[in-house]
Amino acid sequence: MPASSMEELVSLCKRRGFIFQSSDIYGGLQGLYDYGPLGVELKNNLKAAWWRAMVYERDDVEGLDAAILTNPLTLKYSGHEETFTDPLVDCRSCKARHRADHLDEQKCPACGSTDLTEPRPFNLMFKTAMGPVDDGSSFAYLRPETAQAIFTNFKHVLDSTSRRLPFGIAQVGKAFRNEITPRNFIFRVREFEQMELEFFVQPGSDEAWHEQWVENRLQWWDAQGVNRNRIELYRVPADELAHYSKATVDLMYHFPHGVEELEGIANRTDFDLGSHTKAQGDYEISARVTPNKDSNAKLAVQDPDGGGWVVPYVIEPSAGVDRGFLAVLNEAYRVETLDNGSERTVLGFRPHLAPIKVAVVPLKRNHEGIVDKAKGIKQHLQALGLGRILYENTGNIGKAYRRHDEIGTPLCVTVDFQTIEEDDSVTVRDRDTMTQERIAVAALADYVQGYFR
């Protein structure tokens, strides 16, 4: 079973080096977290799996890595300056601030007072000064999403790759939102990463493509170990849709704190490309923006049937890396009672996501022959390119096995006296079954590669 509470995951993450509170020695910063030695590996593996599925395994998607600092005009014409807000209320008693739509009752969660201000819109975007003088005349936004840079680079990608509809542009990167009340560990934070695809299609084919991408994303999450039965589809009602959306389906996952959004798949129609096309020639925000005639180009494609220019519709599967990390961690977490009555905590990650793929453990930590052999095996396996291989020289095999169960290492390779004195074989232990078998060192690479294939 997954974790019974968020506290279980938070404790494990800190104890084993997955996630730490940012600036913890100075009291931390609310809504900001740092990924530790194991967390960064799991996070990178999740992003790599997404990129592999979206870009490498498809013939209709290109990749992009755009700047984080964003021209204010981009977010003006995308609608973010006007609509990217949450309702903010203040408690007059304790001065705490809350999102109005997160209050179960009209009272302050901090002190219980009902003396609250009326809700008012609060823009979630971070501003930062550009240039040497912070006088308010030159600023940029930290992007609140990765999507807009895909739209503003649409023509560049189209011209440089000669793509035809349907095709997509994928991006993984940081985004920033000045959340009023960050909450539930890494679920809602102020600095996070997104995995977004903007898939451009012929108008009229958008509804079929939308449904196809919903099914595609369900299959992908299942392949990452997120049980499909723990995901509910929420078809967002018309009165709750974002300003750009014709239809949105949210994948709602059973997190430890409740059922909330893991990923959204939106039909953005031609809103974004159309909005940026209509913005041509408008530089009224300030003289800091240098006019560029290229901005007058239509963000459109030529109709292959000779019908002139077409502004594509866009299907957008958008997932948060941090929320995905939390879902994968939760699904992998289990506590087992063994035959002897003891318990072991296991993270049963899919092999491709495991932070450490193989741990190589010498039976005696100070035996030169065993240690040298173990180090050599570690280097040999590392060269296979499977991910991180760890040399684990703790001197206690039992504790090493339990530690690697708890951090999700699929295989442990033990080098012992039989290895160096008899037959040049090692013991390979499987995390999930705890079975052990002797494998010749000469056959170990093929065995390990076969396991992760």
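Residue numbers (our numbering): 1 to 453. Positions of the beta carbon are idealized from the N, C-alpha and C atoms, including for glycine. Note that the structure is a prediction, hence the values are computed from the model and not measured.
Next on the checklist: Could you pull the DSSP bridge partners for Pro-87 from this structure?
Outcome noted: Looking up residue 87 in the sequence shown gives position 87. BP columns for Pro-87 point to Pro-121.
Checklist entry - CB-CB under 8 angstroms to Ala-287, same chain, minus the five flanking residues each way: which ones, in chain order? => result What you label residue 287 is simply residue 287 of the sequence shown in a count that begins at 1. Summary for Ala-287: the model assigns pLDDT 30, below 50, so the residue's position carries little reliability; its value from the coordinates is reported in the next sentence. Excluding residues within five positions, none has a Cβ falling inside 8 angstroms.
Checklist entry - Which residues in the same chain have their Cβ closer than 8 angstroms to the Cβ of Ser-425, if we skip the five residues on either side of it in sequence? => result In the sequence shown, residue 425 corresponds to position 425, counting from 1. These residues qualify, in order along the chain: Gln-418, Thr-419, Arg-438, Ile-439, Ala-440, Val-441.
Checklist entry - So, using beta-carbon positions, are Tyr-141 and Asp-206 closer together than 8 angstroms? => result Sequence index remark: in the sequence shown, residue 141 carries index 141 (1-based). Sequence index remark: in the sequence shown, residue 206 carries index 206 (1-based). Their beta carbons are not under 8 angstroms apart, which means Tyr-141 does not touch Asp-206 by this criterion.
Item to check | Paired residues, beta bridge with Met-252 - DSSP | outcome: Position 252 of the sequence shown holds residue 252. The partner list for Met-252 (beta bridge, DSSP) reads Glu-232, Glu-261.
Checklist entry - When the Cα of Asn-227 is compared with those of Glu-62, Arg-235, Arg-217, Cys-13, which residue comes out closest? => result Numbered from its first residue, the sequence shown carries residue 227 at position 227. Measuring from the Cα of Asn-227, the nearest candidate turns out to be Arg-217.
Checklist entry - Just how far apart, CA to CA, sit Leu-338 and Thr-345? => result What you label residue 338 is simply residue 338 of the sequence shown in a count that begins at 1. What you label residue 345 is simply residue 345 of the sequence shown in a count that begins at 1. Leu-338 and Thr-345: Cα-Cα distance of roughly 11 angstroms.
Next on the checklist: Does Phe-349 come out as helix, strand or coil in the three-state DSSP assignment?
Outcome noted: To locate residue 349, count along the sequence shown from 1; it is residue 349. DSSP, read as helix, strand or coil, puts Phe-349 in coil.
Item to check | Given Leu-64 as reference, the closest of Gln-171, Val-301, Gln-382, Glu-392 once Cα atoms are compared | outcome: As a first step, residue 64 is located in the sequence shown; it is residue number 64 there, counting from the start. Comparing Cα positions, the closest option is Gln-171.
Item to check | Contacting residues, own chain, Cβ-Cβ under 6 angstroms from Arg-235 (five flanking each side not counted) | outcome: Position 235 of the sequence shown holds residue 235. Excluding residues within five positions, the ones whose Cβ falls inside 6 angstroms are Val-249.
Checklist entry - Using a Cβ-Cβ cut-off of 6 angstroms (strictly less than) and excluding sequence neighbours within five positions of Arg-99, which residues of its own chain qualify? => result Here residue 99 refers to the residue found at position 99 of the sequence shown. Excluding residues within five positions, the ones whose Cβ falls inside 6 angstroms are Asp-86, Ile-180, Thr-181.
Checklist entry - Short check: CB of Asn-330 to CB of Ala-3, under 8 angstroms? => result The residue labelled residue 330 in the question sits at position 330 within the sequence shown. The residue labelled residue 3 in the question sits at position 3 within the sequence shown. Yes, these two residues count as a Cβ contact at 8 angstroms.
Next on the checklist: In chain order, what are the residue ranges of uninterrupted beta strand (DSSP E) at least 3 long that sit wholly in the stretch 61-117?
Outcome noted: 61-64, 85-90, 97-99
Checklist entry - Under the three-state reduction of DSSP, which class applies to Tyr-141: helix, strand or coil? => result Within the sequence shown, numbered from 1, the residue matching residue 141 stands at position 141. In this structure, Tyr-141 counts as strand in the three-state DSSP scheme.
Next on the checklist: Along the chain, where does the beta strand (DSSP E) containing Val-172 start, and where does it finish?
Outcome noted: Counted from its first residue, the sequence shown places residue 172 at position 172. Val-172 -> beta strand (DSSP E) spans 167-176.
Item to check | Rounded Cβ spacing between Ala-194 and Val-328 (contact assumed at less than 8 angstroms) | outcome: Sequence index remark: in the sequence shown, residue 194 carries index 194 (1-based). Sequence index remark: in the sequence shown, residue 328 carries index 328 (1-based). The amino acid occupying residue 194 in the given sequence is Gln; Ala does not appear at that position. Not really, about 16 angstroms apart at Cβ, beyond 8 angstroms.
Next on the checklist: Does Val-185 come out as helix, strand or coil in the three-state DSSP assignment?
Outcome noted: Taking the first residue of the sequence shown as 1, we reach residue 185 at position 185. At residue 185 the sequence reads Phe, which differs from the Val that was named. Three-state result, Phe-185: coil.
Next on the checklist: With H, G and I counted as helix, E and B as strand and the rest as coil, what does DSSP make of Glu-8?
Outcome noted: The sequence position of residue 8 within the sequence shown is 8, counting from 1. Per DSSP, reduced to three states, the secondary structure at Glu-8 is helical.
Checklist entry - What is the C-beta distance between Leu-347 and Glu-263, in whole angstroms, given that I count them as a contact (C-beta under 8 angstroms)? => result Residue numbering aside, residue 347 sits at position 347 when the sequence shown is read from its first letter. Residue numbering aside, residue 263 sits at position 263 when the sequence shown is read from its first letter. Not confirmed; about 22 angstroms, so no contact.
Item to check | Option nearest Gly-79 by Cα separation, candidates Gly-376, Tyr-401, Leu-124 | outcome: Within the sequence shown, the letter at position 79 stands for residue 79. Of the listed residues, the one whose Cα sits closest to Gly-79 is Leu-124.
Item to check | Beta-carbon proximity list for Asp-272, same chain, < 6 angstroms, skipping 5 on both sides | outcome: For the purposes of this step, residue 272 is identified with residue 272 of the sequence shown, where counting begins at 1. Around Asp-272: Phe-151.
Item to check | Contact under 8 angstroms by Cβ, Lys-456 with Gly-398 | outcome: Since the first residue of the chain shown is 1 and the last is 453, residue 456 is not available in this structure.
Checklist entry - Are the CB atoms of Glu-246 and Asn-267 nearer to each other than 8 angstroms? => result Mapped onto the sequence shown, residue 246 falls at position 246. Mapped onto the sequence shown, residue 267 falls at position 267. In the sequence as presented, Glu is not what sits at residue 246; that position holds Lys. The Cβ atoms of Lys-246 and Asn-267 lie closer than 8 angstroms to each other.
Next on the checklist: I believe Ile-186 touches Asp-322 by the beta-carbon criterion, under 8 angstroms. Please report the beta-carbon distance rounded to the nearest angstrom.
Outcome noted: Start at 1 with the first residue of the sequence shown, and residue 186 comes out as number 186. Start at 1 with the first residue of the sequence shown, and residue 322 comes out as number 322. Indeed they touch by this definition, with Cβ atoms about 4 angstroms apart.
Checklist entry - Hey, how far is the Cα of Asp-372 from the Cα of Ala-354? => result The sequence position of residue 372 within the sequence shown is 372, counting from 1. The sequence position of residue 354 within the sequence shown is 354, counting from 1. Whole-angstrom Cα-Cα distance: 26 angstroms.
Checklist entry - So what's Val-226 in DSSP terms, helix, strand or just coil? => result In the sequence shown, counting from the first residue as 1, residue 226 sits at position 226. DSSP places Val-226 in coil when its eight states are reduced to three.
Checklist entry - Anyone know if the C-beta pair for Leu-88 and Arg-58 falls short of 8 angstroms? => result Here residue 88 refers to the residue found at position 88 of the sequence shown. Here residue 58 refers to the residue found at position 58 of the sequence shown. No, the Cβ-Cβ distance between Leu-88 and Arg-58 is not below 8 angstroms.
Next on the checklist: What does the alpha-carbon distance come out to for the pair Lys-76 and Met-6?
Outcome noted: Mapped onto the sequence shown, residue 76 falls at position 76. Mapped onto the sequence shown, residue 6 falls at position 6. Taking the straight line joining both Cα atoms gives about 38 angstroms.
Item to check | Beta bridge counterpart(s) of Lys-52 as assigned by DSSP | outcome: Counting from one through the sequence shown, the residue named residue 52 turns up at place 52. This sequence places Arg at residue 52; Lys is not what is there. Per DSSP, none; premise fails for Arg-52.
Checklist entry - First and last residue of the beta strand (DSSP E) that includes Ile-424? => result Taking the first residue of the sequence shown as 1, we reach residue 424 at position 424. This sequence places Asp at residue 424; Ile is not what is there. Here Asp-424 belongs to no beta strand (DSSP E), and DSSP marks it neither H nor E.
Next on the checklist: Taking its Cβ as the centre, do 16 or more other Cβ atoms sit within 10 Å of Tyr-56, making it buried, or is it exposed?
Outcome noted: Within the sequence shown, the letter at position 56 stands for residue 56. When all chains shown are included, Tyr-56 counts as exposed.
Checklist entry - Taking all protein chains shown into account, do 16 or more other C-beta atoms lie within 10 angstroms of the C-beta of Ser-113, making it buried, or fewer, making it exposed? => result For the purposes of this step, residue 113 is identified with residue 113 of the sequence shown, where counting begins at 1. Exposed, because fewer than 16 other Cβ atoms sit within 10 Å of the Cβ of Ser-113.
Checklist entry - Taking Cβ positions, are Ala-208 and Phe-192 nearer each other than 8 angstroms? => result Here residue 208 is taken as the residue at index 208 of the sequence shown, counted from 1. Here residue 192 is taken as the residue at index 192 of the sequence shown, counted from 1. No, the pair does not count as a contact, with Cβ atoms beyond the cut-off.
Checklist entry - Can you name the residues that DSSP bridges to Lys-127? => result On the sequence shown, residue 127 is found 127 positions in, with the first residue counted as 1. Bridge partners of Lys-127: Tyr-141.
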